[in-house]
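Down below is the structure, laid out as structure tokens.
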Amino acid sequence: MDSLRISASLAGKAYSTPVITGGGSTREDALRNMRRLQSILSSGALPVKLNAVRIDTISPSLGSQFVRSVMIAALAALIAVSMVVFIRYRNWKIVGPIILTSVSEIIIILGVASLIKWTIDLASIAGIIASVGTGVDHQIIITDEIALGRERVFSIKEKIKRAFFIIFGTASTTIAAMVPLGVIGIGIMRGFAVTTVIGVLVGIFITRPTYGKIIEKLEIV
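Number 239 marks the last residue of the sequence shown (the numbering used here); no jumps.
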């Protein structure tokens with residue numbers, strides 16, 4: 019079931035219109051996966067008899083349209099986040115590093131996904147958006163701890179440490195929730211879990227410390 023990307027919830031149930039999807043990071047990978055699925059479905063390896071009623075070919079132009087739509091959605095989300103953060107702080111010295119860090123986080127997540135040869139689908143994009151949203155929350159925590167907290171009883175470094183204590187706690191709970199979903203999840207749910215965990219790890223080990231250093235150097239207090 020898992021190798022065919024059919025939901026495990028269908029096990030033991032009569033279902034007349036199951037959906038089997040596939041893809042690949044490159045055209046060759048997609049063709050290889052398609053031939054493997056075709057072989058499984060037509061070779062009689064399944065415990066039920068199957069008849070191929072129709073075979074459809076999806077035009078590559080749909081892929082380019084998908085990429086274009088994703089880019090537009092990402093740009094719209096970036097503008098919306100920028101507006102909300104600017105309304106919150108009204109200071110581009112704060113808004114700029116937050117947006118720059120978020121964009122860098124997306125690039126790093128995509129790079130890691132490429133290294134592990136993980137296919138980016140809709141669920142994976144949702145995971146990236148979720149992790150970047152969490153990242154903005156963490157950056158706001160750092161900024162508020164430094165700029166909008168109590169009077170400077172603590173040094174900036176001590177305030178950053180206090181903020182990171184909160185961040186590591188929330189990141190740990192997120193990873194704890196996503197790991198079981200990534201391990202036992204089926205199909206698209208696994209993609210969401212994997213990219214979310216990658217995003218959280220990239221954030222706590224790379225982008226969040228970098229943002230903390232940037233804010234430490236800026237005179238925002």
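Beta carbons: idealized from backbone N, C-alpha and C, even for Gly. Quick caveat, the model's predicted, so the values are computed rather than measured.
Distance between beta carbons of alanine 211 and methionine 196, contact taken as under 8 Å: 4 Å
Tell me which residue opens and which closes the alpha helix (DSSP H) that leucine 128 is part of. 110-133
Where leucine 236 falls: helix, strand or coil (DSSP): coil
With 16 other CB atoms within 10 Å as the buried threshold, where does glycine 221 fall? buried
Neighbourhood of leucine 7 by C-beta, 8 Å cutoff - its chain only, sequence neighbours within 5 removed: Outside the displayed range of the chain (19 to 239) lies residue 7, so it cannot be described from this structure.
Pairing CB atoms from the segment 221-234 with CB atoms from the segment 137-155, are three or more of them under 8 Å? yes
Spatially closest choice to isoleucine 116 from Ile126, Phe104, Ala141, by CA coordinates: Phe104
Alpha-carbon spacing of leucine 93 relative to arginine 86, whole angstroms: 11 Å
Report all residues from its chain with a CB closer than 7 Å to the CB of isoleucine 146; omit the five preceding and five following residues, and keep chain order. Ile124, Ile127, Thr213, Gly217
By alpha-carbon positions, which one of Val215, Leu55, Val102 ends up nearest to alanine 144? Val215
Please state whether DSSP places threonine 228 in a helix, a strand or coil. helix
Where aspartate 47 falls: helix, strand or coil (DSSP): helix
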